[in-house]
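In case it helps, the working numbering puts the sequence shown at residues 530 to 741.
Glycine residues also receive a C-beta, built at the ideal position from the N, C-alpha and C atoms.
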Amino acid sequence: MESPYVADEADPDLLSYFDKSAMVVHQSFQRFEQGYARPGMSLLVKSFQTRPVRSTFLAVFAILSLLPLLSFIGFSLFILASFVFFSLAGALLAASIVIMLSGVLLGCTLMILFFISIPLTAFALGAFIAFRLAVRVRSDGYRAGVGGWAQETKNQFYRTAPEEDALKADEDVSHSGSDAVMIIGTIPPDGLDKKSAQEDRDADTIVKSESE
Numbered sequence: 530m531e532s533p534y535v536a537d538e539a540d541p542d543l544l545s546y547f548d549k550s551a552m553v554v555h556q557s558f559q560r561f562e563q564g565y566a567r568p569g570m571s572l573l574v575k576s577f578q579t580r581p582v583r584s585t586f587l588a589v590f591a592i593l594s595l596l597p598l599l600s601f602i603g604f605s606l607f608i609l610a611s612f613v614f615f616s617l618a619g620a621l622l623a624a625s626i627v628i629m630l631s632g633v634l635l636g637c638t639l640m641i642l643f644f645i646s647i648p649l650t651a652f653a654l655g656a657f658i659a660f661r662l663a664v665r666v667r668s669d670g671y672r673a674g675v676g677g678w679a680q681e682t683k684n685q686f687y688r689t690a691p692e693e694d695a696l697k698a699d700e701d702v703s704h705s706g707s708d709a710v711m712i713i714g715t716i717p718p719d720g721l722d723k724k725s726a727q728e729d730r731d732a733d734t735i736v737k738s739e740s741e
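Have a look at this one:
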């Protein structure tokens, strides 16, 4: 809750602001009155005094023409705004239609180019394969060149992804490691027989030494 002292301090500021605003409004009205209203009224009174018939006619005509004049101004503004709105709407509609037709034309063009690209790509690949075959046969001979060309073509068209190659390599290493462990850990039957015979000879030697 504000203190009454703060309100008392704020009231003079509000009053001074109100007084300044009222003074500005009063000066504006006074300037309008002295510059336009009083001279106009003086001219109107003087006109009625000097030429009463013409002044009366002009006054009646001005009063009767006020409503048509305001109607004309309002109608003109309405027509202007309507034409501006409809022109903008028509321009946007026409631009949208042209853009849509251009998009349809672009889609048809891209589709035609897509179907044209298929035989061109096949022709380019065939020419490249034939060129590589000629180079291989010329450099390595007919038999070796055809074999190398077939392997090269297979690698080009059936190339696996690097992740799949790494996974296959890891699987091969794991399989080879497990086989090696199994081979190392396996004891042949001959080794078991030799081990049991050695244990029997050691037992006979121990028995003979104890009997002596």
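Proximity below 9 Å, CB of residue i to CB of residue j
i, j, result
"Glu-681", "Arg-667", "no"
"Arg-583", "Ser-576", "yes"
Contact set for residue i: own chain, Cβ-Cβ below 7 Å, skip 5 residues either direction
i, result
"Leu-662", "Trp-678"
Selection from the options that minimises the alpha carbon distance to residue i
i, options, result
"Leu-573", "Phe-644, Ala-588, Leu-635, Ser-550", "Ala-588"
"Gln-685", "Ile-592, Ile-647, Phe-657", "Phe-657"
Sequence-distant residues of the same chain with beta carbon closer than 8 Å to residue i, five excluded per side
i, result
"Val-710", "Low confidence applies here, because Val-710 scores a pLDDT of 43, under 50, leaving its location unreliable; read the following figure in that light. Counting only Cβ-Cβ distances below 8 Å, and skipping sequence neighbours, we find nothing."
"Leu-595", "none"
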